[in-house]
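As structure tokens, the structure follows; a few thoughts come after it.
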Amino acid sequence: MNQMRQQITEKLGGRQETLRQLYFTEKAGEYVRALSSRLGRKPTCCVTTFGCQMNARDSEKLSGILERAGYELTDDEGADFVIYNTCTVRDNANQRVYGRLGHLGSLKKKNPDKRVALCGCMMQEPSVIEKIRKSYGFVDLIFGTHNIYKFAELLVLMFESDQTVIDIWEETDQIVEELPAERKYSFKSGINIMFGCNNFCSYCIVPYVRGRERSRNPEDIVREIEALARDGVVEVMLLGQNVNSYGKNLDSPMSFAQLLLAIEKIEGIQRIRFMTSHPKDLSDELIEVMKNSKKICRHLHLPLQSGSTRILERMNRRYTKEQYLSLVDKIRNRIPDISITTDIIVGFPGETPEDVDETIDVVRRVKFDNAFTFIYSRRTGTPAAAMEQVAPETVREGFDRLLKAVQDTAKERAALLNGQVLDALAEEVNEQDPSMLNGRLSNNMIVHFKGGRELVGRILPVRLTQCCGFYYTGELAGKEHE
Ligand code: SAH
Ligand code: SF4
Ligand code: F3S
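Residue numbers for the sequence shown follow the working numbering, beginning at 31 and rising by one.
Printed below as a string of structure tokens:
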């Protein structure tokens, strides 16, 4: 009974917060209208995203609120309001933000009405805030990952203040539902199913900037996807740092596989994807649900990070080389046409060329369909930052060897599809050749084929005629699936 009461209170709290934020969106709209009459045109805004798909989804929410407040969305950073949704997973992500901020500063000098805001993972680091205050004083609004749902309210504060508005929270347990979002694609959408991460891989800053793991209620997720389906969405991507541990901390716990079964039933949704799977939590139940599903895509992103058990242990990944290999064997046996992609880090503290050999051995045995390879980046505050670092030349050498192995196996895997007819979701008109469309296969591979703009958003059978390394060119084959 008590638990139920608590759930109801949480729900009411969330609903009240949604209403509050809709009120502030209206209020922000008053300031935008005033600006509009002063400028004699509709003010523009630009949302720039760094980082992962979770940030991309957050940016759609930022855009939704800005549009509701009366801004016109544009990709041009000359806009009247510019917001950077930042990432701090590797240092080069941070450096890109600083580089581009300088340019924003000079644009702002030319346009005194221009407002600049920063949010996202980088803002959760106190050293970053200090640097921005010191070197980029022109920034008008700064907030973090935990209070992004308060964006409308913070916008109002920004309009009412002549100083930088800074609001950073260390944690939150709030999940605010049903705020407007402006989707980038009309026919596909990301959906957060959980927030945060509890894994604390020793190199990774995400648990520090995104907080503890929290799963959304399945009813809220299903309701959101039903609404998307009514709005024409055919493909959903379920997002979380470790989707395999979805639901463990809900009041009525449920597994990720069970959530997938519920989503599979939603009419109109034709494809279901998800990211990211942690190998330590991937269950047999999930493999069975994927195998029997008509909608779940034949693609699994399963980050390896390293193929050396010694390094995996230091990374706190909680699986061994052998466990990873036997997991992949099990998956490929049950679902032979699945494509497996991965993430690998080179240069983790203490890594030797022999450890890289172990990683290359896994790459050759698994034959990944694709792999993102990263050079280790030291993140302040993580356990690995205090370990002895590898010399840059050694890292470079290991990275080049690994990249070659990854490219070889990816090409080998891609070539296997030659001549097949597979369903592709037409995603956009090809930029280089507007008579062509870019499509995505269930296994996540890209295929370019001739077709008109009117086919964008449809799932069509395409014959793969030519393998061009990591993608295909093909042609429409037969009647499309309705
Ligand atoms: N939660 C996801 C990954 C999120 S970050 C998972 O566990 O798979 C995406 C990728 O960035 C990671 O898989 C890892 O390969 C890489 N990464 C994370 N921290 C890094 C660091 N400090 N240096 C280099 N790469 C890193
Ligand atoms: Fe980072 Fe590990 Fe969490 Fe992924 S699972 S976000 S790599 S700590
Ligand atoms: Fe980057 Fe934050 Fe995603 S650090 S990778 S944007 S969770």
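Just so it is clear, CB atoms sit at the ideal spot from N, CA and C, and this is done for glycine as well.
| Check | Outcome |
| --- | --- |
| Could you give the residue range of the beta strand (DSSP E) that holds ASP110? | Element bounds for ASP110: n/a, residue is neither H nor E. |
| Where do the ends of the alpha helix (DSSP H) carrying ASP453 lie? | That residue, ASP453, is in no alpha helix (DSSP H); its beta strand (DSSP E) goes 451 to 459. |
| Can you find the residues in the same chain that come closer than 8 Å, C-beta to C-beta, to GLU183, ignoring five residues on each side of it along the sequence? | ARG50, GLN51, PHE54 |
| Nearest to PRO464 by alpha carbon, out of PHE378, LEU455, LEU452, HIS478? | HIS478 |
| Tell me whether the segment 108 to 116 and the segment 72 to 89 touch, counting them as touching only if at least three CB pairs, one residue from each stretch, are closer than 8 Å. | yes |
| Does the beta carbon of HIS329 fall short of 7 Å from some heavy atom of the ligand SAH? | no |
| If you scan the segment 38 to 79 from start to end, which runs of the beta strand (DSSP E) of 3 or more residues do you find wholly inside it? | 74 to 79 |
| Please tell me whether, using a cut-off of 7 Å, the distance from the CB of ASP385 to the nearest non-hydrogen atom of the ligand SAH is below it. | no |
| Give me, in chain order, the residues of the same chain whose beta-carbon lies closer than 7 Å to that of SER93; leave out the 5 immediate sequence neighbours on both sides. | VAL77, LEU103, GLU212 |
| With distances taken between CB atoms, is the gap from GLY298 to ARG344 smaller than 8 Å? | no |
| Looking at C-alpha atoms only, which residue of GLU423, GLU315, LEU506, LEU96 is the closest neighbour of GLY59? | LEU96 |
| Please name the residue in ARG408, GLU208, LYS164, HIS331 whose C-alpha comes closest to that of GLY44. | GLU208 |
| Rounded to the nearest angstrom, how far is the Cβ of VAL119 from that of VAL236, given a contact under 8 Å? | 7 Å |
| Using only the heavy atoms of the ligand SF4, determine whether one of them is closer than 7 Å to the beta carbon of ASN274. | no |
| Only counting the same chain, and skipping five residues up and downstream in sequence, which positions put a Cβ closer than 6 Å to that of ASP121? | SER407 |
| Does DSSP classify HIS133 as helix, strand or coil? | helix |
| Could you check what DSSP says for PHE500 in three-state terms: helix, strand or coil? | coil |
| Give a yes or no on whether the minimum CB-CB distance between THR424 and chain D is below 8 Å. | This model lacks chain D altogether, as it is built from one protein chain only. |
| May I ask whether a heavy atom of the ligand SF4 can be found less than 7 Å away from the beta carbon of GLN154? | no |
| At 4 residues or longer, what runs of the alpha helix (DSSP H) sit wholly inside the segment 204 to 249? | 236 to 240 |
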